[in-house]
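**Student:**
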Amino acid sequence: MPLEKSGVAGYLPSGSEPAVLKLLTVLSQNGHPIYLPVCQADFRLAWTRWFPGVELRRSSYAPVLEPVGELHDVQLMNSIGLLLIPALAVDARGVRMGQGGGYYDRFLATLSELDEAPVLAAVVYSTEVLAAGAVASDTWDQAVDYALTPEFFQDLRC
1047 MPLEKSGVAG YLPSGSEPAV LKLLTVLSQN GHPIYLPVCQ ADFRLAWTRW FPGVELRRSS
1107 YAPVLEPVGE LHDVQLMNSI GLLLIPALAV DARGVRMGQG GGYYDRFLAT LSELDEAPVL
1167 AAVVYSTEVL AAGAVASDTW DQAVDYALTP EFFQDLRC
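Read in order, the letters of the sequence shown are residues 1047 to 1204 in my numbering.
#1: From this set, 1154, 1069, 1174, which residue's C-alpha is nearest residue 1098's C-alpha?
#2: Count Cβ pairs between the stretch 1148–1160 and the stretch 1193–1203 that sit closer than 8 Å; are there 3 or more?
#3: Could you please give me the residues that DSSP links to residue 1199 through a beta bridge?
#4: To which residues does DSSP link residue 1137 through a beta bridge?
#5: Just curious, the alpha helix (DSSP H) that residue 1072 is in, first and last residue?
#6: Ignore the nearest five residues each way along the sequence and tell me which others in residue 1154's own chain have a CB closer than 6 Å to its CB.
#7: Kindly provide the ranges of any beta strand (DSSP E) runs that are 3 or more residues long and lie completely inside the stretch 1076–1117, ordered along the chain.
#8: Shortest alpha-carbon distance to residue 1109 belongs to which of 1151, 1071, 1057, 1121?
#9: Could you spell out the range, first to last residue, of the beta strand (DSSP E) harbouring residue 1167?
#10: How would you call residue 1141, buried or exposed, if buried means at least 16 neighbouring beta carbons within 10 angstroms?
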């Protein structure tokens, strides 16, 4: 999957989420600007630049670490080719199950403001890629394009 835009937006995994930090580090070391989410009031996400060694702090709104830096809104996504999204599961239609906070649902809804949205990839374990229809969807859900697991990268676009 070639990326026309070099920026990558990801997240710092917590708990038992798949480890994406090594991938983000390698991408950063190869010249890709990396941006990570910063939780805001009203379950909104802003984004800030990340690189190995950047200062991290505990979020005021969620149980995650966040990089410290200048905050960017959805317009940053105009420079992002790939958006890595945490998920508990994703089905073969690209419907993802989040953790219930709604941060990503709200953020993904704002991507319609862009001329061209980034490629969306749910990061899960291979056992969390489920059959079509196995994840319930709501009207506000936006399907992801790919499932990224430690073993494979699966195209979910129908």
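Idealized CB from N, CA, C, for every residue including glycine. Here the structure is a predicted model, which is why all the values come from computation and not from measurement.
**Tutor:** A quick look at the data gives this:
#1: 1069
#2: no
#3: 1194
#4: 1176
#5: 1067–1075
#6: 1188
#7: 1080–1086, 1090–1096, 1102–1104, 1111–1113
#8: 1057
#9: 1165–1169
#10: buried
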